[in-house]
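One structure is given below, encoded as structure tokens.
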DNA sequence: AAAGACACCTGGGAGC
DNA sequence: TGCTCCCAGGTGTCTT
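In our numbering, the protein residues as written are 77 to 346.
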């Protein structure tokens, strides 16, 4: 997906256009996303004012006077604010039409995203088990160390576990581990305390830098204004298997963890 | 209880 | 040109 920086960039991009606006209509062209869009979602949101746009993990929450719309971008989702008259294209599944004449347009080729009503049993279920936000003080050594201390799983799997910390996807987990000199396959319990402290700092630093630069542009992601993010050029190992490590010149290798590619420098990461 | 496999879905690129 | 195969930012759920 869009990882956390992309979601946050989207939130910041759309918020000024949505906040304070009244919803005129919800157009659902294809309700078959990860979960079907609820049939009664349009009835619930129609005529309501959007009070604020917030984010929890990778969920965008469009808060209304009553309740909220909970949007997830999945792997290939994207939201943009466009003129409501702009013709919809193939993967433009949802439009949230505003009184301003603009609409929030949701595009998602793979349809792993979701639009749900919140609160609902499903939304509560999805949010209830989530760990802390990585950019808050709550995500610190005293929190993470006890979770790693007796855990045999690979450190990469642990930091990508939403119950441990949210918003660290494959790209940023890969990059933070490189920056910390930790092999992604290393058992969490064998990461030293010093390395764990560094890892936490690098996760925060890299996520913050990516947000600052508007997210990482890969295949599908563009910012809500349609401009690409600029972080991709800063990637040190992700997507660079076979190339030379910028730091030591060794060839970057790739392995698979949890059916997901994991790039690392065999020399810099032990 | 924890780790791994599989599921959802489309598009792009590599190789033949 | 076109076919087949593999891969991709996520994450809930089912199997070991």
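Virtual Cβ for every residue (Gly too), placed ideally from N, Cα, C.
- Would you mind reading off the limits of the beta strand (DSSP E) that contains residue 171? 168-174
- Do you know offhand how far residue 249's Cα is from residue 232's? 6 Å
- Message: Between the alpha carbons of residue 201 and residue 129, how many angstroms are there, rounded?
- Response: 21 Å
- Task: Could you please give me the residues that DSSP links to residue 329 through a beta bridge?
- Result: 340
- Message: Just to confirm before moving on: does the CB-CB distance between residue 340 and residue 259 stay below 8 Å?
- Response: yes
- Task: Would you tell me roughly how many angstroms separate the C-alpha atoms of residue 169 and residue 112, rounded to the nearest one?
- Result: 12 Å
- Task: Give me whichever residues DSSP pairs with residue 181 in a beta bridge.
- Result: 156 and 171
- Query: Which first and last residues belong to the alpha helix (DSSP H) in which residue 100 is found?
  - Reply: Taken as a continuous stretch (DSSP letters only), residue 100 belongs to no alpha helix (DSSP H), being part of the beta strand (DSSP E) at 99-104.
- Message: Just to confirm the assignment, what range does the alpha helix (DSSP H) spanning residue 147 have?
- Response: It is not in any alpha helix (DSSP H) - residue 147 instead sits in the beta strand (DSSP E) that spans 144-148.
- Message: Spatial neighbours of residue 336 within its chain, please: C-beta separation below 6 Å, excluding the five flanking residues on both sides.
- Response: 246
- Message: I need the DSSP call for residue 129, collapsed to helix, strand or coil.
- Response: strand
- Message: Which residues does DSSP list as the beta-bridge partners of residue 190?
- Response: 148
- Item | Cβ contact check for the segment 215-223 and the segment 134-144: 3 or more pairs under 8 Å | no
- Message: What would DSSP say about residue 137, mapped onto helix, strand or coil?
- Response: strand
- Would you please state the rounded distance, in angstroms, between the beta carbons of residue 194 and residue 143? I believe it to be under 8 Å. 6 Å
- Query: Taking Cβ to Cβ, would you say residue 155 is nearer than 8 Å to residue 192?
  - Reply: no
- Query: Which residue from 119, 101 and 207 puts its Cα closest to that of residue 36?
  - Reply: Absent from the model: residue 36. The displayed extent of the chain is 77 to 346, so no value can be given.
- Message: Please classify residue 264 as buried or exposed, where buried requires at least 16 other C-beta atoms within 10 Å of its C-beta.
- Response: buried
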